[in-house]
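Residue numbers for the sequence shown follow the working numbering, beginning at 22 and rising by one. Cβ coordinates follow ideal geometry from the N, Cα and C atoms, glycine included. In this text, all values refer to a predicted model and were calculated from it rather than measured experimentally. Below you'll find the structure, written out as structure tokens, and then a few comments.
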Amino acid sequence: MNNPITVLIAERQPLMRSAIRAMLEPQPDMRLVGETTNCEGTRTLCQRLQPDILLLSANAVKSPLTEALAKLQKVCPHTKILVLVTDCCNICMNALTAAGAIGCILKDETPEAIVLTIRNAMQGVTSLSQPVIDELIRQMAVSSGVKTAHVNLTEREQTIITLLANGLANKNIAHQLDISTRTVEFHVSNILDKLGVSTRVEAALWAREHGLI
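Here it is in structure tokens:
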């Protein structure tokens, strides 16, 4: 039997912590290892426990969320961080992923959706709630970034961006296509250049918006 997924909760609201705890307890493949309410406690417990997953509420940190993520990555580099938010307005997911988050989910998601997100995160899959995806697509539509589907991607690049948009990491894409990780990195770099974006999240959103997934 595989070791259970260890989860740490960082959430200021007692009711929300209780709800997450009740959601995790019945899961045979998950184990809650700790709870905290603030950034200092989160860093301390992350450093000591090295959990597989950190459910980090935006209300549990005083400093900008990106700064908190960067600091947490230093003390628990192998922990996958899922950010919990109450709404998707003003979310800069690109900055969050660059700082170390693997996903962003709304607190009003169903327990089943949150549990699935945790399992996906353990597989290295970037996970976003659908409202978050919709908001990011809206932001892209009004920005000066990608505005057209008429981008000259090669057949190989279309395959790679589709796999990327489905959450696969470079090494998984390389394994599936039987090519080297370095070759995947080369293609991903070309894709970002052609789309005029700077992150994998933006590329994945473009693929979703234009029907590649």
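Separation of residue j from residue i, as counted between CA atoms
i: Q71; j: I181; result: 32 Å
i: L76; j: H208; result: 32 Å
i: T169; j: A225; result: In this predicted model, T169 has a pLDDT of only 47, less than 50, meaning its place in the structure is not dependable; the value taken from the coordinates is given anyway. Each residue's Cα considered, the two are about 15 Å apart.
i: E56; j: N211; result: 42 Å
i: I26; j: S148; result: 17 Å
i: T100; j: T107; result: 22 Å
i: N40; j: R203; result: First, the residue type needs correcting, since residue 40 is Ala and not Asn in the sequence shown. Their Cα atoms are separated by approximately 43 Å.
i: Q34; j: G121; result: 23 Å
i: Q48; j: V82; result: 28 Å
i: T58; j: G124; result: 20 Å
i: R52; j: D129; result: 22 Å
Span of the alpha helix (DSSP H) around residue i
i: K215; result: 202 to 216
i: S39; result: 35 to 45
i: V172; result: Element bounds for V172: n/a, residue is neither H nor E.
i: H196; result: 191 to 198
i: P132; result: 132 to 143
Host beta strand (DSSP E) of residue i (start-end)
i: A12; result: Outside the displayed range of the chain (22 to 234) lies residue 12, so it cannot be described from this structure.
i: K83; result: Careful: K83 lies outside any beta strand (DSSP E) and carries neither H nor E.
i: V106; result: 101 to 106
i: T57; result: 51 to 57
i: L76; result: 74 to 78
Identity of the residues DSSP links to residue i by a beta bridge
i: A120; result: A120 pairs with nothing; no bridge assigned.
i: S236; result: Residue 236 lies beyond the stretch modelled for the chain, which goes from 22 to 234, so this question has no answer here.
Where residue i falls, given that 16 or more other Cβ within 10 Å makes a residue buried
i: D73; result: buried
i: S78; result: buried
i: L36; result: exposed
i: E61; result: exposed
i: T175; result: exposed
Cβ-based neighbour list, residue i, same chain, cut-off 6 Å, excluding 5 preceding and 5 following
i: P132; result: M44
Beta-carbon contacts of residue i that lie in its chain and below 7 Å, excluding the five residues immediately before and after
i: V167; result: Summary for V167: the model assigns pLDDT 46, below 50, so the residue's position carries little reliability, and this model does not support an answer.
8 Å CB neighbourhood of residue i in its chain, flanking five on each side removed
i: S165; result: Only weak support is given to the placement of S165: the predicted model assigns it a pLDDT of 44, under 50, and the question is left unresolved by the model.
i: I126; result: L103, V104, L105, V106, A134, I135, T138, S148, L149, S150, V153
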